[in-house]
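Last residue of the sequence shown: 464 in this note's numbering, with the numbers rising by one and none dropped.
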Amino acid sequence: MKTSQRKQILVTGGAGFLGSHLCERLLAQGHDVMCLDNFFTGSRDNILHLLDNRRFEFIRHDVTFPIYLEVDEIFNLACPASPIHYQHDPVQTTKTSVHGAINMLGLAKRLRARIFQASTSEVYGDPAMHPQREDYWGNVNPIGLRACYDEGKRCAETLFFDYHRQHGLEVKVARIFNTYGPRMHPNDGRVVSNFIVQALRGEPITIYGDGSQTRSFCYVDDLVDGILRLMAAPTELTGPVNLGNPGEFTIRELAEQVLRMTGSRSKLEFKPLPSDDPRQRRPDITLARETLGWEARIPLEQGLRPTIDYFAGIL
Ligand code: NAD
Ligand code: UDP
Ligand code: UDP
């Protein structure tokens, strides 16, 4: 790569599931990557294969504290993403989203660097509009168990757009819908990892509620493509833009698919539905399709294969 195109790129949350895949892709594009993480949910194992690369640097740091670095671009992904992890220390979750955003935006402002924010479909809460478009403002309980994550991410979006308007910062905000793939945390309680781990161990598949609630699952490679396209898009394309796979499945259908693909004889076990659990979720990705020329290409069955192989390898 010509040195003019080679950038110094900071990825916060880079030792996590999505972050580690993003670091890998940025290195493959020839960039220098600084991966910043406090290992709250991420791990050294996720980036072990990158540590020998001379263009890769790891920084152990908590984004809620200021940091002074020299970079050309920032991807802000630091934040626990699964209910079990973000509800473990909810005050820290809000701090990570809000103080973390302020620090990373302050850094971007000093450097005049373009900055990406990993926002989430959770900003739509339990949506009263289906599928969810970016102009829908959401239906979030501000004092519920999910609020530390949902409201933290909503406030981070506010900060991104205020830094954009007030300081002319180049911001890129993606609302990421449920994404899965290798390096998901096996104990993070998310549905794809839970079902695969349970099926592989022959344990009961835990369906919360009656399993009729829906989600749309995007494979990690598709998602990283979308993130990179948004970051490379012209300045005026700030988002927020939905990134996800519109294929919608009930949780019961997912359980049956995982059972078929693993050949497992695990039984289904029905458990109470957690509070504020959204009934339905599917992204409207018209905006991403029209402005970024992006859409998810990997269907659920195709993405589940390497994900199952990954979990079979680590269990
Ligand atoms: P993850 O838990 O694997 O990754 C998050 C990373 O952030 C971890 O490595 C963790 O150690 C790190 N981290 C947490 N708090 C930190 C702090 N205070 N300082 C520094 N590092 C910190 O989760 P993920 O699925 O890879 O999610 C990455 C980002 O994408 C998150 O911001 C999440 O909200 C967002 N997102 C993910 C999904 C999904 O389905 N995976 C959906 C929507 C949004
Ligand atoms: N900040 C940082 N690194 C930098 C620049 C700023 O961590 O290189 C932090 C700094 O601690 C500050 C925050 O980002 O509190 C917001 O910065 P900004 O310049 O927007 O605000 P101010 O410094 O006026 O509080
Ligand atoms: N879920 C389930 N069994 C599990 C884990 C999750 O039925 O073992 C359900 C959960 O109640 C929710 C859906 O699967 O309706 C997706 O849950 P996840 O935590 O993966 O993501 P989110 O709710 O944040 O979309």
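Glycine included, C-beta positions come from ideal geometry on N, C-alpha and C.
Limits of the unbroken beta strand (DSSP E) element including residue i
i, result
"T399", "397-399"
"F344", "Here F344 belongs to no beta strand (DSSP E); instead the alpha helix (DSSP H) covers 340-350."
"Y357", "354-357"
"F166", "Run containing F166: none in the beta strand (DSSP E); it sits in the alpha helix (DSSP H), 166-177."
Cβ-heavy atom distance, residue i to ligand 1, below 7 Å
i, result
"T161", "yes"
"G375", "no"
"P213", "It is Thr, not Pro, that sits at residue 213 in the sequence shown. Result yes, Cβ under 7 Å from ligand 1."
"F207", "no"
"F166", "yes"
"G287", "no"
Residues that DSSP places opposite residue i in a beta bridge
i, result
"D238", "Note: D238 sits in no beta bridge, so no partner."
"M183", "L159, E206"
"L417", "I354"
"N288", "G274"
Residue i - DSSP class collapsed to helix/strand/coil
i, result
"P455", "helix"
"R263", "strand"
"C228", "coil"
"Q362", "coil"
"N394", "coil"
"Q281", "strand"
"G191", "coil"
"S246", "helix"
"E444", "coil"
"T435", "helix"
Closer than 8 Å to chain B by CB, residue i
i, result
"D186", "Given the protein chain composition of this structure (a single chain), no chain B is represented."
Cα-Cα separation between residue i and residue j, rounded to whole angstroms
i, j, result
"V212", "D186", "8 Å"
"G360", "I400", "5 Å"
"Q362", "R155", "44 Å"
"F310", "V320", "7 Å"
"S169", "L422", "31 Å"
heavy atom of ligand 2 below 7 Å from residue i C-beta
i, result
"N225", "no"
"A258", "Here residue 258 turns out to be Lys, not Ala, going by the sequence shown. Correct: K258 has its Cβ closer than 7 Å to ligand 2."
Residue i CB to nearest heavy atom of ligand 3 below 7 Å
i, result
"I356", "yes"
"S365", "no"
"G338", "yes"
"R430", "yes"
Endpoints, alpha helix (DSSP H) assigned at residue i
i, result
"R303", "296-316"
"V322", "Note, V322: premise wrong, no alpha helix (DSSP H); beta strand (DSSP E) at 320-325."
"A381", "369-381"
heavy atom of ligand 5 below 7 Å from residue i C-beta
i, result
"N187", "Ligands present in the displayed structure are limited to ligand 1, ligand 2 and ligand 3, and ligand 5 is not among them."
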